[in-house]
Amino acid sequence: PRCIWLSRHGESLYNLEQKIGGDSLLSKRGEKYSSKLPAIVKESAGLKEKDIVVWTSTLKRTQQTAQYLTNKKLQWRALDELDAGICDGMTYEEIEEKYPDDFQARDENKYEFRYRGGESYRDVALRLEPVIMELERQENILIITHQAVLRCIYAYYMNIPQEQSPWVSIPLHTLIKIEPRAYKTKVTTIKANI
Ligand code: G3H
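Here's what the structure looks like:
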């Protein structure tokens, strides 16, 4: 690809309550980010803006974040957030209280830890392979998806070992532009002012 833009969905109602997973809508701030995103993309892409295809997950918060972009859009189930299984919809405090062993196991090996009935980071990295293969065939793509998924995609393009992906920082309300180059991939970010 020539250029890849990455963005987390705007702040969601679950983010506000510090709950993981689910399929909630955006908060007021998240909605504000979605309304500013077209201008931020324009600022970052310039004339290329119209050639960008937007990929989202199948979850509402990513589609809502893309709602004001007029570009062609495609949904990928493989871009859905890391499935927290039995912990879906819980806060980390609740997980620690209800499933202390799981909480500790995840702390000890976050990359390999698979939520019961859900996924690990390794599982996410594997299911992203077809997405990345398709991405390699495309020109300019903006991916609006979730924190854990973006950590894996970012690690892939930045040559960070996948095992380190759970600790990669992907800030909220920030557009990341990646320009893969032969010797050094260039990264620029624009933080939304909201
Ligand atoms: O559950 C999904 C979160 O976006 C990832 O957060 O892997 O740091 O717990 P975490």
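The opening position of the sequence shown corresponds to residue 232 in the UniProt record's numbering, with each subsequent residue numbered one higher. Beta carbons are placed, not taken as given, at the ideal position from N, Cα and C, and that holds for glycine.
| query | result |
| --- | --- |
| Whole-number beta carbon distance between residue 236 and residue 408, since they are thought to touch under 8 Å | 5 Å |
| Same chain, Cβ closer than 6 Å to residue 233, five either side skipped, listed in chain order | 370 and 371 |
| Closest Cα partner of residue 312 within the set 293, 300 and 301 | 293 |
| Buried versus exposed call for residue 390 [16 or more other C-beta atoms within 10 Å across all chains shown] | exposed |
| Straight-line Cα distance separating residue 377 from residue 325 | 21 Å |
| Residue 385: CB within 8 Å of a non-hydrogen atom of the ligand G3H | no |
| Span of the beta strand (DSSP E), counted from its first residue to its last, around residue 238 | 234 to 239 |
| Check whether residue 404 and residue 379 have beta carbons under 9 Å apart | no |
| Delimiting residues of the alpha helix (DSSP H) encompassing residue 246 | 244 to 248 |
| Under 9 Å between C-beta atoms of residue 383 and residue 352 | yes |
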